[in-house]
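Peer 1: In the numbering used here, the protein residues as written are 1 to 121.
All residues carry an ideal CB built from backbone N, CA and C; glycine is no exception.
Source: prediction; values computed, not measured.
Below are the structure tokens for one structure; questions will follow.
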């Protein structure tokens with residue numbers, strides 16, 4: 001660009017910014033982004049100060065999705081076993097000692113595993 005040298009840290013940070021940003025305009029290079037970040041004062045210290053982003057959904061969302069799957073599997077088993085949904089949920093509650101509403105994510109997953117075994121039988 002203008003003869004300014006870019007450190008490897010600045011280059012890595014520029015590449016990570018470009019990856020997170022998605023598609024960049026044609027001709028935008030990591031070197032150019034590194035110079036823009038340097039000019040804007042966004043040094044390489046910024047990423048270490050940010051909280052680590054995870055790909056996992058919040059626990060409440062995970063539990064919601066697992067409960068939804070649980071209801072579908074109970075419905076499927078209800079048809080196969082010719083038992084009412086309430087009866088199946090009551091059996092699961094007795095087996096695990098809690099309700100699906102109060103269950104931990106681990107217990108919900110165990111309920112699904114048990115239902116899978118019942119469905120295979």
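Once the 5 residues before and after residue 34 are set aside, which same chain residues still bring their CB inside 6 Å of it?
Peer 2: Correct list, in chain order: 6, 10, 11 and 14.
Peer 1: Do you know how far the Cα of residue 82 is from the Cα of residue 107?
Peer 2: Whole-angstrom Cα-Cα distance: 25 Å.
Peer 1: With burial defined as no fewer than 16 other Cβ atoms inside 10 Å of the residue's Cβ, what is the status of residue 70: buried or exposed?
Peer 2: Looking at its Cβ environment, which holds 16 or more other Cβ atoms inside 10 Å, residue 70 is buried.
Peer 1: What are the complete alpha helix (DSSP H) segments, minimum 4 residues, inside the segment 56-108?
Peer 2: The qualifying runs are 59-81 and 85-96.
Peer 1: Is residue 84 buried or exposed, if buried means 16 or more other CB atoms sit within 10 Å of its CB?
Peer 2: Label assigned to residue 84: exposed.
Peer 1: Who are the near neighbours of residue 63 in its chain, counting only those whose CB is closer than 7 Å to its CB and skipping five residues on each side?
Peer 2: Taken in chain order, the residues that qualify are 105 and 108.
Peer 1: What separation, rounded to the nearest whole angstrom, lies between the Cα atoms of residue 122 and residue 68?
Peer 2: The first residue shown for the chain is 1 and the last is 121, placing residue 122 beyond what the model contains.
Peer 1: Determine the direct distance from the alpha carbon of residue 61 to that of residue 120, and round the result to whole angstroms.
Peer 2: Roughly 28 Å between the two C-alpha positions.
Peer 1: Could you tell me whether the Cβ atoms of residue 117 and residue 92 are closer together than 8 Å?
Peer 2: No. Outside cutoff.
Peer 1: Distance check for residue 29 and residue 39, CA to CA, integer angstroms please.
Peer 2: So the two alpha carbons sit approximately 15 Å from each other.
Peer 1: Could you pull out every residue in the same chain whose Cβ sits closer than 7 Å to the Cβ of residue 88, ignoring the five residues on either side in sequence?
Peer 2: Excluding positions up to five away in sequence, the list reads 74, 77 and 78.
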